[in-house]
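This report concerns only the one structure given below.
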Amino acid sequence: MPIITFANTKGGAGKTTMALVTAGELSKRGYRVAMLDADPQQWVSRWMVKAAKLPKFSIIPNIGAENIDETIAELKKKADYILIDLPGGLTPLLAKAIGFSSHVFVPVQGCALDAAGGAQVLEIMKQLESECGIHIPHSVALTRVSSIITTRALQAVKIFLAAKNIPVLNTPLIERAAYRDMFDAGTIVNALDPEMVSNLDKAQENARVLVDEIIALVPAKAPRAKAAAPRKTASVAKKAA
Ligand SMILES: Nc1ncnc2c1ncn2[C@@H]1O[C@H](COP(=O)(O)OP(=O)(O)OP(=O)(O)O)[C@@H](O)[C@H]1O
Ligand SMILES: [Mg+2]
Numbered sequence: 001m002p003i004i005t006f007a008n009t010k011g012g013a014g015k016t017t018m019a020l021v022t023a024g025e026l027s028k029r030g031y032r033v034a035m036l037d038a039d040p041q042q043w044v045s046r047w048m049v050k051a052a053k054l055p056k057f058s059i060i061p062n063i064g065a066e067n068i069d070e071t072i073a074e075l076k077k078k079a080d081y082i083l084i085d086l087p088g089g090l091t092p093l094l095a096k097a098i099g100f101s102s103h104v105f106v107p108v109q110g111c112a113l114d115a116a117g118g119a120q121v122l123e124i125m126k127q128l129e130s131e132c133g134i135h136i137p138h139s140v141a142l143t144r145v146s147s148i149i150t151t152r153a154l155q156a157v158k159i160f161l162a163a164k165n166i167p168v169l170n171t172p173l174i175e176r177a178a179y180r181d182m183f184d185a186g187t188i189v190n191a192l193d194p195e196m197v198s199n200l201d202k203a204q205e206n207a208r209v210l211v212d213e214i215i216a217l218v219p220a221k222a223p224r225a226k227a228a229a230p231r232k233t234a235s236v237a238k239k240a241a
């Protein structure tokens, strides 16, 4: 069962949003997703009240360095994917979560401060590799990208990162109202009302393509098919006839 962490030491980089978009799309596809809320503000646990009631989606609150090990051990058999939503800051929990991760995604917006927060996370992974021989797969994930940015400009950013040997996801998360509105509605993007949210179809399509790429990088066992509906007994079937 893969463990995916979203990390950037800078606050507001887009970690929680990307984690929720990913969690929502994975659960929609039938994967059992457990989202560990490690942010002391507990935004996800407090606001995602409707999402928490979805059949494949669970939110585990109050995760810290002291209980992350046991929580992951308990969830191993119950979840197909574990997603860790970290707070900003350089903390012992960050190092621990990275250590557990099958893949670390580093959401980065265009701004330099954000990239610096991302660079701190990338530096930890570099040190783990050079000093301990531990390789944690990771990728930068561009986020809050303007919908009017040209493919060429986006390509230039990707080439810049590639030149520094930093893997980057092909699909950015675009700046969309739907990704803000899901917080107000307390649920995932796919459960929003298309009448109320502009460009919801585009936001859903973006989530779909992003998660295709994430699943290809971090595959899990295929989700279990839904249990077959119980067959009618002979007498019930007769009555119904
Ligand atoms: N793709 C997006 N489209 C629209 N708004 C976004 C997008 N990504 C993030 N935001 C908005 O940017 C703000 C910060 O995002 P978010 O809370 O995900 O960051 P964070 O890294 O989790 O922050 P923190 O470090 O405080 O936990 C929020 O108001 C969120 O709604
Ligand atoms: Mg957050």
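Heads up: the sequence shown begins at 1 in UniProt numbering, then just goes up one per residue.
The beta carbon of each residue, even a glycine, is placed where N, CA and C say it ideally should be.
It should be emphasised that the depicted structure is a prediction, and the values quoted were computed from it without experimental measurement.
Cβ pair Q204, A178 closer than 9 Å: In the sequence shown, the residue the question calls residue 204 occupies position 204. In the sequence shown, the residue the question calls residue 178 occupies position 178. Going by C-beta atoms, Q204 is nearer than 9 Å to A178.
Nearest neighbour of W43, chosen from T17, S130, I4, N8 [CA to CA]: The count along the sequence shown starts at 1 and reaches residue 43 at position 43. W43 has its Cα closest to that of T17, out of T17, S130, I4, N8.
P61: CB within 8 Å of a non-hydrogen atom of ligand 2: The residue you call residue 61 lines up with position 61 of the sequence shown. Incorrect: P61 has no Cβ contact closer than 8 Å to ligand 2.
Rounded distance between the beta-carbons of D37 and P61, thought under 8 Å: Numbered from its first residue, the sequence shown carries residue 61 at position 61. Numbered from its first residue, the sequence shown carries residue 37 at position 37. That pair is a contact at about 5 Å.
DSSP beta-bridge partners of Y81: Here residue 81 is taken as the residue at index 81 of the sequence shown, counted from 1. Paired residue(s): V33.
Sequence ranges, alpha helix (DSSP H) only - wholly within the segment 108-144, length at least 4: 112-132
Residues near A95 in its chain [Cβ-Cβ closer than 7 Å; skip 5 each side]: As a first step, residue 95 must be located in the sequence shown, where it is residue number 95. Excluding residues within five positions, the ones whose Cβ falls inside 7 Å are I124.
Three-state secondary structure assigned by DSSP to V104: For this step, residue 104 is matched to residue 104 along the sequence shown. DSSP places V104 in strand when its eight states are reduced to three.
Meets three-Cβ-pair contact criterion under 8 Å: the segment 179-186 and the segment 148-164: no
Burial state of Q127 (16 or more Cβ within 10 Å): By 1-based counting over the sequence shown, the position of residue 127 is 127. When all chains shown are included, Q127 counts as exposed.
Distance between G24 and V189 (C-alpha atoms, nearest Å): Counting from 1 along the sequence shown, the entry for residue 189 is found at position 189. Counting from 1 along the sequence shown, the entry for residue 24 is found at position 24. Each residue's Cα considered, the two are about 7 Å apart.
contact_flag[the segment 53-67, the segment 98-113] where n(CB pairs < 8 Å) is 3 or more: no
Distance cut-off 8 Å: D85 Cβ against heavy atoms of ligand 1: Numbered from 1 along the sequence shown, position 85 holds the residue referred to as residue 85. Yes, the Cβ of D85 comes within 8 Å of a heavy atom of ligand 1.
Element boundaries [alpha helix (DSSP H), containing S45]: Taking the first residue of the sequence shown as position 1, residue 45 is located at position 45. It spans 43-47 - the alpha helix (DSSP H) in which S45 sits, taken as one unbroken run.
Cβ neighbours of A19 in the same chain (closer than 7 Å, five flanking residues each side left out): For this step, residue 19 is matched to residue 19 along the sequence shown. Hits under 7 Å: F6, M35, L83, D85.
DSSP bridge partner residues for S58 (one or two, in chain order): Mapped onto the sequence shown, residue 58 falls at position 58. Partner(s): A34.
Contact belief for G99 with T9 at Cβ below 8 Å, rounded distance in angstroms: The count along the sequence shown starts at 1 and reaches residue 99 at position 99. The count along the sequence shown starts at 1 and reaches residue 9 at position 9. No, G99 and T9 are not in contact; Cβ-Cβ is about 16 Å, not under 8 Å.
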